[in-house]
Amino acid sequence: MSGVIITRCTDAAQFDAILALVHETFGALVPPSGALSETVDDVATRFEAGPILLAHHGEDLVGSLYCAPKGDGLYLTRMAVRPSRQKQGIGRTLLAAAEGEARGLGIAKLTLRVRLNLPDNRAYFERAGFIVTGQGQDPGRPPYESMKRKLAIA
Ligand SMILES: CC(C)(COP(=O)(O)OP(=O)(O)OC[C@H]1O[C@@H](n2cnc3c(N)ncnc32)[C@H](O)[C@@H]1OP(=O)(O)O)[C@@H](O)C(=O)NCCC(=O)NCCS
């Protein structure tokens, strides 16, 4: 999307803004997401695990995506585009940046989970080239499908 710049989070001073974005974005989901109970400490934990990608339009933080090497893939979580800025290509731009992160790490696969009760998300990631690889459910949480997208690594 034109005018949107993707960077890596480099500074704990950005954590509050990231958390606010995630809360706003996931607060719009029905039923409510576990993301709403996350705190700035959870953002710090994600930051330690791998890059947090940020999408800015000017000074405005409009998107974020947590990335972490996990197994033989780069695991993507809490992908968030501010509700007022959705369907403008920011999500695709974040995914392309995650692909670049994976390639830079020599990782040949992007992985993620989508909740079964949010079928639009599954369709969105299928259109972005992901395929379903399985299902699961953590205690007290809604069931999910695991998805992956293989990358060609030179
Ligand atoms: C899922 C999510 C991250 C997608 O982000 P997004 O920025 O809206 O996604 P994009 O704009 O890249 O793509 C959405 C659609 O808009 C379309 N689009 C892209 N640019 C567009 C434009 N300029 N004008 C109109 N439509 C456009 C895309 O083609 C895409 O269509 P498709 O779904 O039919 O392929 C976002 O909806 C979100 O934050 N949802 C809530 C949180 C969530 O569920 N996260 C995922 C957890 S697994």
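All residue numbers for the sequence shown refer to my numbering, where the first residue is 5 and numbers rise by one.
Built from N, CA and C at the ideal position, the CB exists for glycine as well.
How big is the Cα-Cα spacing for residue i and residue j?
i      : j      : result
Glu103 : Gly144 : 31 Å
Lys74  : Pro147 : 20 Å
Val44  : Leu98  : 21 Å
Ala156 : Lys113 : 9 Å
Asp64  : Ile9   : 10 Å
Taking DSSP as the reference, what is the three-state secondary structure of residue i?
i      : result
Thr81  : strand
Pro73  : strand
Asp124 : helix
Arg145 : coil
Arg107 : helix
Gly67  : strand
Arg153 : strand
With respect to the alpha helix (DSSP H) encompassing residue i, which residues constitute its N-terminal and C-terminal limits?
i     : result
Thr43 : Counting along the chain, Thr43 falls outside any alpha helix (DSSP H), and DSSP gives it neither H nor E.
Thr29 : Phe19 to Phe30
Identify the continuous beta strand (DSSP E) that holds residue i and give its terminal residues.
i      : result
Gln139 : Ile135 to Gly140
Ala132 : Where Ala132 is concerned, there is no enclosing beta strand (DSSP E), given that its DSSP letter is neither H nor E.
task = Under 5 Å from any heavy atom of ligand 1, by CB: list those residues in chain order, please.
result = Thr29, Met83, Ala84, Val85, Gln90, Lys91, Gln92, Gly93, Ile94, Gly95, Arg96, Val118, Asn125, Tyr128 and Arg131
task = State whether the stretch 9-20 contacts the stretch 117-124, with contact taken as three or more CB pairs (one from each stretch) at a distance under 8 Å.
result = Segments in contact, no.
task = Decide if the stretch 17-33 is in contact with the stretch 76-91; the criterion is three or more beta carbon pairs, one per stretch, under 8 Å apart.
result = By the Cβ criterion, the stretch 17-33 is in contact with the stretch 76-91, since at least three pairs of Cβ atoms, one from each stretch, lie closer than 8 Å.
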